[in-house]
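To start, the structure itself, in structure tokens.
Protein chains: 2
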Amino acid sequence: MVQWVYCFGGTRNEGRAEMRNLLGGKGANLAEMASIGLPVPAGFTITTEVCTAYYKNACAYPDDLKAQVENALRHIEQAIGMGFGDKKNPLLVSVRSGARVSMPGMMDTVLNLGLNDETVEGLANSSGDPRFAWDSYRRFIQMYGSVVMGVPHHRFEDILEEAKHALRVQDDTEITAEQLRVLVKDYRALVLGETGKEFPTDPHVQLWGAIGAVFGSWMNPRASTYRKLHDIPAEWGTAVSVQAMVFGNMGDDCATGVCFTRDPSTGENVFYGEYLVNAQGEDVVAGIRTPQPMAIARAEDGQKPMETVLPEAYAELSRIRSLLEGHYRDMQDIEFTVQKNVLYILQTRSGKRTAAAALKVAIDMAHEGLITQEEAILRVPPSSLNQLLHPALDPKAERTQLARGLPASPGAAAGAIVFTAEDVETHAARDEDVILVRIETSPEDVHGMHAAKGVLTTRGGMTSHAAVVARGMGRVCVAGAGGIQVDYKAKTVTAGGHVLKEGDWITLDGGTGSVYLGRVATIPPVLSGDFATLMGWADDARRLRVRANAETIADAETALSFGAEGIGLARTEHMFFAPERIGHVRQMIMTENPALRARAIEALQQFQRDDFIGLFRTMAGLPVTIRLLDPPLHEFLPHGENELADVAAALGENIEVLRARRDALSESNPMLGHRGCRLGITAPEIYAMQVRAIAQAAIRAAEIVGKPIVPEIMIPLVATEEELKRTRAAAEETIKAVIAEEGVELKYDIGTMIELPRAALTAEHIAHEADFFSFGTNDLTQTTLGLSRDDAASFLPLYVEKGILPRDPFVSIDQEGVGALVRMGVTKGRTTRPGMKMGICGEHGGDPDSIAFFESIGLDYVSCSPFRVPVARLAAAQAALQKREKTIA
Amino acid sequence: MVQWVYCFGGTRNEGRAEMRNLLGGKGANLAEMASIGLPVPAGFTITTEVCTAYYKNACAYPDDLKAQVENALRHIEQAIGMGFGDKKNPLLVSVRSGARVSMPGMMDTVLNLGLNDETVEGLANSSGDPRFAWDSYRRFIQMYGSVVMGVPHHRFEDILEEAKHALRVQDDTEITAEQLRVLVKDYRALVLGETGKEFPTDPHVQLWGAIGAVFGSWMNPRASTYRKLHDIPAEWGTAVSVQAMVFGNMGDDCATGVCFTRDPSTGENVFYGEYLVNAQGEDVVAGIRTPQPMAIARAEDGQKPMETVLPEAYAELSRIRSLLEGHYRDMQDIEFTVQKNVLYILQTRSGKRTAAAALKVAIDMAHEGLITQEEAILRVPPSSLNQLLHPALDPKAERTQLARGLPASPGAAAGAIVFTAEDVETHAARDEDVILVRIETSPEDVHGMHAAKGVLTTRGGMTSHAAVVARGMGRVCVAGAGGIQVDYKAKTVTAGGHVLKEGDWITLDGGTGSVYLGRVATIPPVLSGDFATLMGWADDARRLRVRANAETIADAETALSFGAEGIGLARTEHMFFAPERIGHVRQMIMTENPALRARAIEALQQFQRDDFIGLFRTMAGLPVTIRLLDPPLHEFLPHGENELADVAAALGENIEVLRARRDALSESNPMLGHRGCRLGITAPEIYAMQVRAIAQAAIRAAEIVGKPIVPEIMIPLVATEEELKRTRAAAEETIKAVIAEEGVELKYDIGTMIELPRAALTAEHIAHEADFFSFGTNDLTQTTLGLSRDDAASFLPLYVEKGILPRDPFVSIDQEGVGALVRMGVTKGRTTRPGMKMGICGEHGGDPDSIAFFESIGLDYVSCSPFRVPVARLAAAQAALQKREKTIA
């Protein structure tokens with residue numbers, strides 16, 4: 001005889017957690033809860049094999065199913081002490097579908113099955129609440145009528161609305177038991193009218209109707225389409241779980257509540273939760289009555305903790321609390337009901353928690369021996385560290401959302417609106433908090449971004465200039481908030497019907513991308529000892545090194561404080577915009593007089609040498625990768641007439657000649673233009689100046705810190721071996737000259753960015769000339785997908801929303817496309833140069849999923865913004881552990 | 001005994017053509033010429049093994065070398081009837097180096113070796129020209145002194161200059177024999193002073209000095225570097241060839257000349273060439289005396305053909321002419337000298353020829369049975385067909401070059417300068433020839449480009465808009481002529497010191513990129529029957545199909561006339577710019593009112609349907625691939641205020657609103673922007689309109705031509721399978737609706753461009769949704785190399801010039817990078833869909849080298865501009881034949 005039905009709860013538990021294929025997800029969960037000794041309301045599960053047999057056999061059940069179900073029903077009656085259809089003490093059940101995987105489109109749940117004109121009176125008596133009983137009955141008819149019998153849901157709603165109108169009441173709760181009785185009659189009349197059938201009064205008939213509806217829904221069009229889309233075979237079938245309903249509102253020996261095995265907001269190891277005596281589950285949530293605390297220790301004056309009111313049930317719950325943590329080895333969220341002093345557990349699952357709680361629970365559990373150190377590492381979502389590292393909005397603060405953009409750089413900040421970098425500095429000098437609002441930012445805004453509390457742009461994506469720079473300096477940033485109109489001339493911001501002026505306050509939440517009206521209170525970050533513990537464990541577990549992208553001493557110090565093991569990307573061009581330098585940069589670009597050009601370059605070399613000495617000193621021997629000039633020259637050009645006039649005066653040249661030269665430097669697609677090593681080849685004096693500055697700085701800094709310094713010089717935008725060969729040869733010549741001048745030894749590495757598809761495709765050739773590779777996955781994403789990060793805002797959000805792309809490829813690396821090229825670059829590069837040092841310095845270096853990918857393909861390090869270093873350390877540890885697990889399995 | 005020396009010429013020929021490794025390139029060539037019975041001046045070659053032994057043995061020669069050389073010298077003396085060092089009848093020799101491969105950096109040649117104070121008199125007597133004898137002696141000392149003895153070359157030049165100054169003569173030829181005699185003394189004194197050694201007078205000492213210098217030069221730094229760069233092993237060594245000098249200036253029974261076995265400018269099968277009695281080779285070239293014709297048939301009145309003057313030598317030469325063609329199986333270029341009635345062949349090689357001659361010679365030789373049909377196909381360089389298909393500059397016409405740009409579209413054209421498309425049309429309407437001069441062109445200039453004779457731009461590369469469009473319509477184009485300044489306001493063109501105004505004439509040579517002042521005469525193309533014969537043979541030999549890129553009926557007809565087998569790319573956006581359409585396009589883009597947008601789309605659909613009917617009718621059942629809208633919408637936007645006002649009026653909208661919308665559509669990097677299928681997804685109504693027009697047109701055209709038409713709909717800029725899946729599904733829905741409306745059947749293919757690296761990398765997925773692939777190698781080159789074709793002019797020419805890139809990758813596909821992606825796309829796509837139809841529609845479709853690559857990776861077709869179709873047919877045939885050869889070998 002085939003066993004079609006598996007009981008659970010009470011004294012008879014026939015299923016196990018592993019029987020998911022047979023019992024469905026819900027059935028297996030219930031069996032697992034019962035099997036570890038939780039008092040779940042008794043019930044049974046009809047297996048998925050019944051579903052398969054049903055469809056094989058022209059929608060007929062196996063012969064012996066009926067008998068097995070009846071038998072199982074009796075098991076429930078015995079366990080719960082009630083009778084199915086019993087007028088005095090009626091057993092009610094829920095009927096739920098449950099396939100192997102959760103699947104929309106199928107019938108979900110019918111509650112309170114077993115109610116009819118007679119059992120409803122029994123429920124009224126036992127609960128002492130006729131209104132509740134009749135309301136349950138009304139709801140049951142509505143649910144069963146629509147889900148099982150196919151009466152449109154809105155027809156029931158129409159009747160209810162009419163009744164309320166006639167009774168002149170606003171709210172369902174104002175309808176009395178007597179009035180509900182009438183409504184039930186109307187409902188049943190509706191069912192008869194719509195279907196030509198009486199609403200079934202026999203609970204057994206009701207039950208078989210619900211079971212049939214579950215199996216029927218397996219083949220409905222919505223479920224079939226979903227299966228097709230997700231490659232779920234129809235043969236899997238669905239199971240049906242039938243379970244006793246229990247009620248927390250049958251007297252003062254009844255209660256209902258929700259609790260957590262630990263405090264989900266702090267992670268503290270205390271029993272945390274709320275309950276209500278003589279109430280239904282929804283009352284706890286609805287907030288009509290004030291829920292009471294669980295433990296005496298947590299009760300304030302006048303509160304009635306469950307520990308006092310229902311000591312037996314509380315004791316049982318306390319027992320279950322440690323049982324659960326012992327079994328699931330995690331903090332659990334529990335829904336329970338006490339019915340006539342008997343505790344029932346309705347549901348338990350891993351509890352949602354704040355970032356702080358996740359950290360504390362993981363560390364505590366490891367200390368308690370409940371989980372291993374490795375498991376603790378895996379328990380904390382790396383991205384949640386952002387909440388710990390940055391100020392957050394006070395969850396209690398009132399707020400009015402103005403608009404929403406991209407969560408470009410985490411943290412929360414409030415300030416007065418200003419529109420220019422200059423204005424930011426003016427206000428910041430007066431210690432006023434300001435938010436810089438721009439359509440988009442450019443390198444000239446960097447000093448303003450630094451002085452602002454936060455940055456808001458209306459255009460650009462997650463790797464737009466604003467986003468990258470803000471993350472780099474740890475400033476809050478919301479980018480690409482397209483719903484906001486900025487009018488620079490009128491100095492206004494228009495959004496959501498509000499028109500804000502310069503000086504009006506707004507608040508940014510860089511973690512969600514929300515922009516709020518006015519000043520919303522924020523709370524500062526607090527880093528606990530647990531944070532340091534976790535980081536230490538992560539460092540033990542990870543293989544990937546973590547460096548930071550930094551140019552300034554301040555950023556380098558931040559990076560070090562967050563545990564960076566070097567600098568993976570110092571963007572020399574960021575050093576060009578300081579007011580005392582940009583003039584020289586412009587003169588260098590704009591003049592055609594060799595002497596004037598040499599003068600400008602000489603001036604810049606002094607600055608750059610000092611910059612690099614500062615960086616090398618700060619990093620004190622840790623590796624520092626300096627990228628030579630990368631962006632197109634036109635980024636540095638004078639924009640306005642005044643700036644142009646300044647340059648003309650400095651050079652003693654005609655302003656019209658300079659204007660023409662400026663125009664000649666403009667490009668249709670600057671991202672694909674005259675930049676990177678192409679500049680190094682056409683204007684070799686610029687790279688020579690930078691390399692000279694690096695070599696001199698390394699020698700000088702080594703003397704100061706008393707350790708050898710091996711600078712890593714990185715040549716950007718290489719597409720061919722020949723480009724690297726020539727720029728490398730030129731750099732080596734310069735370094736040799738410096739060594740000869742200074743009369744000391746200097747070791748150095750010269751490597752390249754792999755940021756063009758061609759570089760990855762021909763990495764075995766390029767590796768001949770490179771001591772190391774650093775994958776520039778921002779640019780590689782742009783070229784591989786043909787996607788400008790500055791322009792993608794017009795369609796990329798739609799792509800992600802519609803599922804055309806799983807995620808923004810500038811946030812998390814596109815493993816199939818861009819990732820394939822990175823993998824190719826690694827493999828080919830190491831074919832030529834085994835064990836070659838390889839890292840990644842794009843924005844993906846701070847993204848946990850991307851880091852897992854980089855671990856899997858064997859990179860040596862990732863480099864990210866200083867503020868993302870802890871995230872990267874943790875993600876790298878998780879990736880290493882997961883890889884180890886996979887290797888073992 | 002090892003044979004170190006191999007003789008040739010006279011009666012003793014010991015080498016063979018295949019002994020290149022032993023005899024070096026030059027030695028093997030001389031041996032080959034001698035071995036087929038050509039009267040080469042006798043000589044011998046010292047093998048490369050001597051060089052190797054020399055270096056192995058601390059720079060000492062093998063013991064028996066001296067004896068073998070002396071022996072060989074005697075062979076020369078006997079063959080030529082002169083004595084080495086003989087005072088009366090002195091034998092002079094040349095000494096040349098010759099490695100397996102030609103190699104710069106080594107000693108090249110010493111001529112007239114054997115001269116000294118005594119033999120020079122013998123030469124003076126036998127030539128009857130003491131000046132010649134002493135000048136030869138002077139030159140010998142200079143050559144030997146610098147090359148063998150290491151005296152700086154300029155020191156000899158200084159003495160010569162001083163002498164001329166003292167003698168008050170301008171030209172070397174004015175120095176008399178007596179004066180030369182003094183100069184020789186001075187030269188020898190210089191050698192003694194510089195080297196401390198007397199200039200050797202013993203011819204044997206001279207000879208060994210020269211041999212030693214050749215071997216010594218094998219290891220000099222320049223040669224070593226060259227070998228290192230080109231992976232040539234030092235062990236290969238060099239050979240030394242020593243050969244008798246013969247003189248055509250020793251009397252009236254002497255002569256010298258150059259001839260071709262056929263006419264190198266027409267290809268006609270007549271003996272063609274020039275000679276001079278009693279002259280040196282350089283006299284023929286120098287033009288002081290007028291060379292005479294070879295054959296009586298070619299002689300005009302008063303000329304003295306060789307056939308009459310030196311009948312014996314002429315008869316011998318005629319014999320050799322057919323001997324040579326029989327042996328080398330190609331038209332040969334011959335250098336000869338007659339010394340005392342004895343004919344000597346100095347050199348023979350395949351003769352350079354015009355495109356017309358190449359064609360005629362190949363076809364004739366095949367008809368004569370000298371070569372096979374396949375060889376004939378391989379003999380004509382495909383790119384030379386451009387000369388036959390387009391007007392060319394009259395080679396006799398005088399010309400002044402103004403500037404030089406890129407040879408963007410072949411042919412020659414002269415016309416008056418105009419600056420706007422509108423002005424072109426005004427002049428063209430009056431039948432005036434004009435050249436459109438622009439900094440760069442945009443789609444709005446297309447109608448003007450069509451009406452102009454040629455197009456000149458100062459910016460942009462080989463695949464800039466101007467270049468691509470001009471090639472497509474067969475207009476002459478010189479692009480990216482950076483040396484020209486265009487001032488639209490002043491309506492002037494400044495170049496090379498000239499300032500030209502509107503209306504001034506210029507002439508373009510699109511085959512070389514030259515721009516000439518004024519009107520240079522051109523000659524029209526003439527297509528011979530041989531052209532058709534060659535094309536027919538090529539069609540038999542090729543596997544690749546050849547389609548054309550065309551949108552208009554006129555272009556399609558041109559394509560058909562040139563033998564196109566279908567349309568591989570019809571760019572629908574080119575159809576949007578006609579004056580009666582662009583308004584609707586702008587309204588469609590600019591309005592946000594759905595009704596107005598629908599109205600504009602409806603209007604465009606009528607136009608597009610008619611366009612497609614025209615194309616389908618013209619191609620009459622041949623495949624036609626229509627690409628849906630590709631460029632970013634902003635390309636169609638109104639630029640000026642008037643245009644903006646027009647759109648505002650048509651839409652009844654505020655001009656400020658429209659201006660804002662226009663600005664919002666502008667992009668930082670439009671090439672990587674909101675275009676292609678991204679538009680199809682965000683604005684589906686545009687693709688729906690186009691697909692509907694295609695389906696309706698295919699049905700209508702099929703009725704007209706009476707054949708089924710299977711349109712190929714191509715979706716551009718696909719990066720992910722999901723994009724194609726959705727756009728394909730939408731297109732199929734539209735087609736189904738049309739089929740239902742029309743009540744007829746319609747077959748269709750829906751495919752995609754593979755033009756982004758990601759598409760190639762994930763082609764196995766994309767192939768699930770594509771009936772065919774067309775590789776868009778223009779865009780693929782831009783993204784793979786990160787190179788904007790519009791901006792590359794600022795460094796790409798330098799890259800090619802410096803050898804960083806072997807060729808412009810927009811002209812000839814970058815096989816290593818872009819080619820790797822195409823190969824990957826082919827392989828992966830056919831893994832999913834075996835035998836999938838694949839082609840290429842980038843500009844590389846007309847480039848012979850690229851076509852060879854496409855043949856090698858198994859594409860089905862190439863598609864190129866109509867005017868390049870013959871080039872592609874021939875290149876495809878050559879590629880197929882070469883592949884076959886490789887397979888056999």
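Quick note, the sequences are listed as chains A and B, same order.
Numbered according to the UniProt record's numbering, the first sequence spans residues 1 to 889.
Numbered according to the UniProt record's numbering, the second sequence spans residues 1 to 889.
We put the CB at the ideal spot given by N, CA and C, even for glycine.
Here the structure is a predicted model, which is why all the values come from computation and not from measurement.
Local conformation of N125(B) per DSSP, three classes: DSSP places N125(B) in helix when its eight states are reduced to three.
CB of C477(A) within 8 Å of CB of A495(A), strictly: No, the pair does not count as a contact, with Cβ atoms beyond the cut-off.
Collapsed DSSP secondary structure at I377(A) in the structure displayed: Helix.
Buried/exposed call for H574(A), threshold 16 Cβ in 10 Å: So H574(A) ends up on the buried side.
Contact set for K197(A): own chain, Cβ-Cβ below 8 Å, skip 5 residues either direction: Cβ neighbours of K197(A) beyond the five flanking positions: M149, V191.
Separation of M294(B) from G85(B), as counted between CA atoms: Cα to Cα, G85(B) sits roughly 35 Å from M294(B).
8 Å CB neighbourhood of residue 894(A) in its chain, flanking five on each side removed: Because chain A in this structure spans residues 1 to 889, residue 894(A) falls outside the shown range and cannot be described.
Proximal residues of chain A, C-beta to C-beta of G673(B) below 7 Å: For G673(B), the chain A residues whose Cβ falls inside 7 Å of its Cβ are S788, D791, in order along the chain.
Proximal chain B residues relative to F795(A), where beta-carbon distance stays under 8 Å: Within 8 Å Cβ-Cβ: H674, R678, I681, T682.
Among G511(B), D509(B), L508(B), T492(B), nearest to E502(B) - alpha-carbon criterion: Comparing Cα-Cα distances from E502(B) to each of G511(B), D509(B), L508(B), T492(B), the minimum goes to T492(B).
Cutoff 8 Å: L628(A) Cβ touching any chain B Cβ: By this cut-off, L628(A) is not an interface position.
Ordered list of alpha helix (DSSP H) runs contained in the segment 342-418 of chain B, each at least 4 residues: Segments of the alpha helix (DSSP H) lying fully in the segment 342-418 of chain B: 355-367, 373-379, 385-389.
Under 8 Å between C-beta atoms of R542(B) and Y861(B): Here R542(B) is not near Y861(B), since their CB atoms are 8 Å or more apart.
The segment 740-760 of chain A / the segment 796-814 of chain A touching (three or more Cβ pairs under 8 Å): Because the criterion of three Cβ pairs below 8 Å is not met, the segment 740-760 of chain A and the segment 796-814 of chain A do not touch.
Among I754(A), V744(A), F853(A), L310(A), nearest to K340(A) - alpha-carbon criterion: Nearest of I754(A), V744(A), F853(A), L310(A) to K340(A), Cα basis: L310(A).
Near-chain A residues of the segment 709-721 of chain B (beta-carbon distance less than 7 Å), N- to C-terminal order: Listed by position, the residues of the segment 709-721 of chain B near chain A (Cβ gap below 7 Å) are L717, A719, T720.
8 Å Cβ cutoff met for T261(A) and L180(A): Not closer than 8 Å, so no.
Extent of the continuous alpha helix (DSSP H) to which E653(B) belongs: Where E653(B) is concerned, there is no enclosing alpha helix (DSSP H), because DSSP gives it neither an H nor an E.
Closer than 8 Å to chain B by CB, R379(A): R379(A) does not count as touching chain B.
Where E557(A) meets chain B, residues with beta-carbon distance less than 8 Å: Contacts between E557(A) and chain B, judged by CB atoms closer than 8 Å, are missing: the closest CB pair is about 33 Å apart.
Within chain B, partners of L817(A) - CB distance below 9 Å: Correcting the residue identity first, residue 817(A) is Gly in this sequence and not Leu. Chain B residues near G817(A): A719, T720, L756, P757, R758, A759, L761, T762.
Nearest candidate by alpha-carbon position, reference V437(B), set L717(B), L23(B), A452(B): Ranked by Cα distance from V437(B), the first of L717(B), L23(B), A452(B) is A452(B).
Length of the line joining the Cα atoms of K489(A) and N669(A): So the two alpha carbons sit approximately 28 Å from each other.
Close beta carbons around E635(B), own chain, < 7 Å, minus the five adjacent residues each side: Short of 7 Å from the beta carbon of E635(B), and not among the five residues preceding or following it, lie these beta carbons of its own chain, in chain order: P443.
Cα-Cα separation, F140(A) to V822(A): Rounded to the nearest angstrom, the two C-alpha atoms are 58 Å apart.
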